[in-house]
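Following: one structure in structure tokens, then a few remarks.
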Amino acid sequence: MRLIPNGEKSRKLIFLIDGIGAIVTAGLLTLVVARFESLFGMDSRIAYALAAAALFLAVISLTCFALNPQKWKTFLLAIAVLNTVYCITTLSLVVYLSGSLNWLGISYFLGEVVIIMALVMLEWRIIDRGANQ
17 MRLIPNGEKS RKLIFLIDGI GAIVTAGLLT LVVARFESLF GMDSRIAYAL
67 AAAALFLAVI SLTCFALNPQ KWKTFLLAIA VLNTVYCITT LSLVVYLSGS
117 LNWLGISYFL GEVVIIMALV MLEWRIIDRG ANQ
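Shown next as structure tokens:
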């Protein structure tokens, strides 16, 4: 049994998974990390900025899910690149703010990066599989 099916179903499903994941990320950043700044050590303004970026990615992904564009590979490639940029930005902030982040903040952001990069690897596999069809 495959985690993600082949063909059009995989394209639609990956956009949906990415969009829902981005909404969950934005929600956690807004409702948990920003509100409990002292528990995580992340400035709430930075958490809100990361949440805005996640919402932007959610809009793109869910729009692609709804519209199922003909040039889906281009959109999925853009989303994979933007997800990677988001992760690099997040890791850079973790390093830059390492003096103020505590173990909970570092754990949260590293966990987020691991999950997103696993999704990026899956997106690349789907793009590659689509190129070979």
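Each number in my numbering comes from the position in the sequence shown (counting from 1) with 16 added on. By construction, the Cβ of each residue, glycine as well, lies at the ideal position given by its N, Cα and C atoms. What you are looking at is a predicted structure, and each value in this text was computed from that prediction instead of being measured.
Endpoints, alpha helix (DSSP H) assigned at residue i
{"i": "Arg27", "result": "Glu24 to Leu44"}
Same chain only: Cβ atoms within 8 angstroms of residue i, ignoring 5 sequence neighbours per side
{"i": "Glu53", "result": "Asp59, Ser60 and Ala63"}
{"i": "Thr46", "result": "Ala63, Tyr64 and Ala67"}
{"i": "Val7", "result": "Nothing can be reported for residue 7, as the shown portion of the chain is limited to 17 through 149."}
Residue i versus residue j - alpha carbon distance
{"i": "Ser123", "j": "Leu107", "result": "11 angstroms"}
{"i": "Val110", "j": "Lys28", "result": "33 angstroms"}
{"i": "Leu71", "j": "Gly146", "result": "26 angstroms"}
{"i": "Ile142", "j": "Leu93", "result": "10 angstroms"}
{"i": "Gln86", "j": "Ser114", "result": "43 angstroms"}
{"i": "Ala74", "j": "Asp34", "result": "7 angstroms"}
Min CB distance residue i to chain D below 7 angstroms
{"i": "Leu29", "result": "Note that chain D does not occur in the displayed structure, where there is just one protein chain."}
**Request:** Entirely within the stretch 52-130 and at least 3 residues each: give me those beta strand (DSSP E) ranges in chain order.
**Result:** If we require 3 residues or more, the stretch 52-130 turns out to have no beta strand (DSSP E) run fully inside it.
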